[in-house]
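Only one structure is covered here, and it is reproduced in the block below.
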Amino acid sequence: MVYRGKENTIMNKAKKTASVLIAGMMGVSLLAGCGSSRSTVTTTQTGSNVQTGSEAAPAGGDTGSRYHMSYVMSVRDEYLSLLENAVVKAADENDVDMDLYYCENDSSRMIQYIEQSVNEDADAILVNVVASEDQDACMEAAGDTPLVFLNKAPADTSKLNERTVFVASDENLSGAYQGQFIADYFNAAGQTDVSYILLRGTEGLVHTDLRTNNAIAEMEAGGLNLTEVATIMGDYDRTAAAEGMTELINSGADFDVIVSNNDAMALGAIQALKDAGIDPSSKVIVGIDATSDALAALDEGSMKMTVLQDAIAQGDAAVMSAINIIEGNELTAGTNYTVSADNPYIIYVPFVKITP
C-alpha cells in the first residue's frame, strides 16, 4: 500500500520490487500463436487448425495433472502477455493443466472457447473478457463450471457468486494515483493552468472509463485548471498511440501532460516525441502497468510516473481462487490475498505508485 506523504520512500522501494517482478516474468517463455494451446504439453492453434509440438494434448483431464483449466484471453498485448505468463507459471506450480485460448478481440469466439472448455470437462475457466458487457454470455456459456473473470471487470459485479468471481486490481485507484501525482507535481511547481492529452484505451471496458475519469477527477480535485488538448483512441496499443501522437505533433499541438491509460501507449507517445525532436522529459507523461520498458523510461526521465499492476499476483490469485472454488474452500484459502470489503467474490491485488 502507498500512502500520500510517504511517496519518496515507499515508491522507490516499490520500483525495485517491480523490477524484480518483471525480471521474474521474463523467465517464463511466451507461448506463441492465436487459437488455443495446452500450456504444459503442446502449442495448438485451433483457430486456424495449425498444430505444433510433438504430440497434441488429449482433451479433458487425461494428462495426469491435478486439475484441468482453460484461460480464454481477449487479446495479447504487452501487459496481457505478462499476465498470460503469470497464469501459466501459477498453473505449473500448482499441478494444473492449463489450456490457452486467444480470441483476438472476438466476443463470439470467446464464448465458443468457453463452451469448448465446458465440453472438454474443464474443472474451471479463467477469462479475460473482450468487453465488460460480455459478462452474461460468459456466465451462461460456463454454466456450473467455476468461472474467474481476470483483470478486466465484468459489467455488473453484483452478479458474481460462489462459483463466479473476479480477480484484478481496483481500477478506482489506478487513474486516481495518476491524477494525484500530476496535481502534486504542478502545485509544487506553482502552475495551476495545465493542458493535457489523454491516451485512451479500448472502449467497452470498465477500467478504461475508470482510469480516465478518476485521473481527471483527481487533477481537478488537486486544484488544477485543466484544458483538454486532444484524446487519442489508442486501444492500449503502442503503435496506435505513436501514430496518433505524431499527427498531433504535426498539427502544432502544445501541451503540458500526457495521461495514458497504460504504459504501452505512453511509450508510443514518447517515441513519437523523440522522432519529432522533442525531449519527452520536458513533458509530464504518466502510465499504468510498470512494464519493464516503462521502468526504463522512468530511469531515463522520459516518463514521470507509472502504477504497478502486479501481473504475477493477479495470475496466481486467479489460479488459486479457481482451485479453492473447485475444492469448496474459502476463496482466498492458502493465500495472502484478501477479498474486497464491498464484495466477497472479488480479489483485488493492490496497485502501487512508482516514480524514479
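If you're matching positions, the sequence shown starts at 31 in my numbering and goes up one per residue. Ideal placement from N, C-alpha and C gives every residue a C-beta, glycine not left out. Values in this document were obtained by computation on a predicted structure and should not be read as measured data.
Round the Cβ separation of residue i and residue j to the nearest angstrom and send it over; I've been treating them as touching at under 8 Å.
i: V337; j: I318; result: 5 Å
i: V197; j: A326; result: V197 to A326, Cβ: 28 Å. No contact.
i: L156; j: S95; result: With a Cβ gap of about 15 Å, L156 and S95 do not count as contacting.
i: N181; j: T242; result: Not really, about 17 Å apart at Cβ, beyond 8 Å.
i: I262; j: L229; result: 5 Å
i: N354; j: L190; result: Rounded, the Cβ-Cβ distance is 15 Å, inconsistent with contact.
i: G253; j: A213; result: 7 Å
i: S204; j: F381; result: 5 Å
i: D153; j: I356; result: 5 Å
Leaving out five residues on either side along the sequence, give the residues of the same chain with a beta carbon under 6 Å from the beta carbon of residue i.
i: L303; result: P310
i: G57; result: A caution first: G57 carries a pLDDT of 38, below 50, which makes its placement in the model unreliable, though a value can still be read off. None.
i: A270; result: G264
i: V195; result: V178, S351, Y375
i: S138; result: none
i: Y367; result: A347, I377
i: D122; result: none
i: Y109; result: D319
i: A167; result: I141
i: R268; result: A294, L297, G298
i: A272; result: G298, Q301, A302
i: G91; result: Residue placement at G91 is poorly supported in this model, since its pLDDT is 40, which falls under 50; the coordinates still yield a value, given next. Counting only Cβ-Cβ distances below 6 Å, and skipping sequence neighbours, we find H98.
i: L278; result: A260
i: D305; result: none
i: D200; result: Y378
i: T276; result: A302
i: Q165; result: P184, A185
Between which residues of its own chain and residue i is the CB-CB distance below 7 Å, once the five residues before and five after are set aside?
i: T232; result: T238, D265, Y266
i: A116; result: M55, A341, I342, Q344, G345, D346
i: D125; result: S95, R96
i: A172; result: I144, V148, I155
i: L235; result: A161, S162, K182
i: N202; result: L240, N244
Does residue i have its Cβ less than 8 Å from a Cβ in chain B?
i: V105; result: Within the model displayed, chain B is absent; a lone protein chain is all it includes.
Can you have a look at residue i and say buried or exposed, based on whether 16 or more other CB atoms are within 10 angstroms of its CB?
i: T222; result: exposed
i: A87; result: With a pLDDT of only 36 at A87, under the threshold of 50, the placement of this residue in the model should not be trusted; the figure read from the coordinates follows. With 16 or more other Cβ atoms within 10 Å, it is buried.
i: S281; result: exposed
i: K313; result: buried
i: I308; result: exposed
i: N14; result: A question about residue 14 goes unanswered here, because the residues of the chain that appear run from 31 up to 386.
i: D17; result: This structure gives no information on residue 17, because the portion of the chain shown stretches from 31 to 386.
i: A218; result: exposed
i: E114; result: buried
i: A363; result: exposed
i: K119; result: buried
i: N359; result: exposed
i: I370; result: The sequence given here has Ser at residue 370, not Ile. With fewer than 16 Cβ atoms within 10 Å of its Cβ, S370 is classed as exposed.
i: N149; result: exposed
i: S188; result: exposed
i: V50; result: Note that V50 scores 38 on pLDDT, short of 50, meaning its location in the model is unreliable; the coordinates nonetheless yield the value given after this. Exposed: under 16 other Cβ atoms inside 10 Å.
i: G220; result: exposed
i: G331; result: exposed
i: D186; result: exposed
i: E248; result: buried
i: T74; result: Below a pLDDT of 50, predicted positions are generally treated as unreliable, and T74, at 29, falls in that range; no measurement from the model is reported.
i: E250; result: exposed
i: D129; result: buried
i: D151; result: exposed
For residue i, I'd like the list of residues in its chain whose CB is within less than 8 Å of its CB, leaving aside the five on either flank, ordered along the chain.
i: S225; result: L256, T257, E258, V259, D284, F285, D286, V287
i: V102; result: Y131, C133, M140, Y143, I144, S147, I155, L156, V157, N158
i: E192; result: I355, Y375
On the DSSP bridge list, what partners appear for residue i?
i: N158; result: M103
i: K383; result: V337
i: T238; result: Answer is none; T238 lacks a bridge partner.
i: M263; result: R230
i: F179; result: V157, F196
i: V287; result: Y226, V314
i: M128; result: M99
i: Y378; result: A198
i: E258; result: Y226
i: V191; result: In the sequence under discussion, the amino acid at residue 191 is Asn, which differs from the Val named in the question. The partner list for N191 (beta bridge, DSSP) reads T194.
i: D319; result: L338
i: V369; result: I377
Is there contact here, the segment 209-217 with the segment 175-182, by at least three beta-carbon pairs under 8 Å?
-> no
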